[in-house]
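If you read the sequence shown in our numbering, its first letter stands for residue 10, the second for the next number, and so on. Reviewing the structure listed below.
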Amino acid sequence: MFIAKVIASLVGFITTAQLIRSLGGESASSYFFLIAVISVLTAVSSLGSPDAILKTVAINKEATGLVKKVVVVVCSISIAASLALTLIVFVITRFVHLSNDGYLWLSVLTVLPMATIVLVLASAIQGKGYVVCAMIISGLFQNSIVLVSLFTFADSYGEVVQVFAFANLLACLFAYLLLKGDWRDKTSDFDWRRFKSTCSSMLVTQCVTQYNNNSAILLLGFLWVGSDISIIAISLKIATLLGFIIISVNKVVAPQIARIYKNSNLDELQKIITKSTRLMWGLCLPAVLIMLFF
10 MFIAKVIASL VGFITTAQLI RSLGGESASS YFFLIAVISV LTAVSSLGSP DAILKTVAIN
70 KEATGLVKKV VVVVCSISIA ASLALTLIVF VITRFVHLSN DGYLWLSVLT VLPMATIVLV
130 LASAIQGKGY VVCAMIISGL FQNSIVLVSL FTFADSYGEV VQVFAFANLL ACLFAYLLLK
190 GDWRDKTSDF DWRRFKSTCS SMLVTQCVTQ YNNNSAILLL GFLWVGSDIS IIAISLKIAT
250 LLGFIIISVN KVVAPQIARI YKNSNLDELQ KIITKSTRLM WGLCLPAVLI MLFF
């Protein structure tokens, strides 16, 4: 699971860098602002159900009963909304010349339903114990598809948004196939009131968490300071990547340090600390230089 996090962090960083390179600072900033807005709005539109589903499925080891009903209702509404909004956007863009702001908010409305489905289904999958699959569905897969499109055909904000929406659709289908066996179960053993209570409490936590994670990009986006959003976005990706590098080095070195310290071998302890410091600098310095370059 930890390796998957490192890979997801690396792919996210490369995608961010390639977006800036391919689209330019301002267009890439529009995309990063879109993702930040989507992240916060999915926390609101899912009404706290993802965390409640995760908790319920983890306890019962299956996504049946009430959880199944919640997922089906959310997915049905989201799919219908997504199709309707996509049709509306298609019609509007054929007859009306939209400003950048208008196109941005229409993009939000188009992507939001599918992003909500991904969030809900990924929570059910994670609750069943498929943590790596949930991680792939909730971000790594979309970033990978966007990255491939940037190297092949996508060279504008609109094309990248369409690819991102399509990637979310594919992620939904993959998640549905993983949970397909659970949909056949007709049992209904969950307490609706308790589940609603959990959702209401989780909603606040979920919204605050997403706002805190995206507050810098949201603030810059609403003030619209142009390419500065791209600088913040790549800085955040590098910070995340550096965090995982530091954790990975610590996971390798910490047991050795503990064993050597227990044996009171101070000379060997000094050597292992020196090696770990050099390794940390060797891995982190390139990322810092890239951040300074951007």
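Cβ coordinates follow ideal geometry from the N, Cα and C atoms, glycine included.
Put residue i into one of helix, strand or coil per three-state DSSP.
i    : result
S55  : coil
D276 : helix
K137 : coil
G291 : helix
G34  : helix
Sort the options by Cα distance to residue i and report the nearest one.
i    : options                : result
A133 : V66, T51, I29          : V66
L56  : V169, V157, S209, L32  : S209
I146 : A176, S38, V20         : A176
S58  : L118, N274, Q215       : Q215
Y139 : V120, L115, M123, A184 : A184
T125 : A89, V155, L156        : A89
R217 : V53, L115, S158, I86   : Looking at the sequence provided, one finds Val at residue 217 rather than Arg. Minimum Cα distance to V217 is reached at V53.
L245 : L187, I226, F231, A37  : I226
K78  : F204, N222, G230       : F204
K64  : L121, V129, N221, I241 : V129
A174 : V155, L186, Y220, L187 : V155
L19  : A93, G148, N221        : G148
T25  : S158, I68, N274, L186  : S158
L32  : G21, E168, P122        : E168
Just the C-alpha distance for residue i and residue j, rounded to the nearest angstrom, thanks.
i    : j    : result
Q279 : G291 : 18 Å
T161 : F150 : 17 Å
V127 : M289 : 35 Å
A131 : I62  : 10 Å
C142 : Q135 : 8 Å
E35  : K137 : 41 Å
S48  : S224 : 11 Å
L182 : L228 : 34 Å
V172 : I269 : 51 Å
S153 : Y40  : 15 Å
Y166 : N272 : 59 Å
L43  : I282 : 43 Å
L212 : R287 : 44 Å
I16  : L179 : 20 Å
I27  : K284 : Looking at the sequence provided, one finds Gln at residue 27 rather than Ile. If you take the alpha carbons of Q27 and K284, they lie about 33 Å apart.
V80  : T51  : 14 Å
V83  : P295 : 44 Å
S206 : D60  : 12 Å
T119 : E277 : 59 Å
V45  : V170 : The sequence given here has Ala at residue 45, not Val. The straight-line gap from Cα to Cα measures roughly 13 Å.
L7   : A37  : This structure cannot speak to residue 7, because the chain is shown only from 10 to 303.
M144 : S87  : 21 Å
K189 : R202 : 26 Å
R30  : A163 : 12 Å
L92  : N221 : 31 Å
G21  : I241 : 14 Å
L121 : S85  : 14 Å
The alpha helix (DSSP H) with residue i in it runs from where to where?
i    : result
F183 : 166-187
S153 : 150-161
I145 : Segment: none, I145 is in no alpha helix (DSSP H) and carries neither H nor E.
Following a CB-centred definition, is residue i positioned closer than 7 Å to any heavy atom of the ligand FAD?
i    : result
N177 : No copy of the ligand FAD occurs in the structure displayed, which carries no ligand at all.
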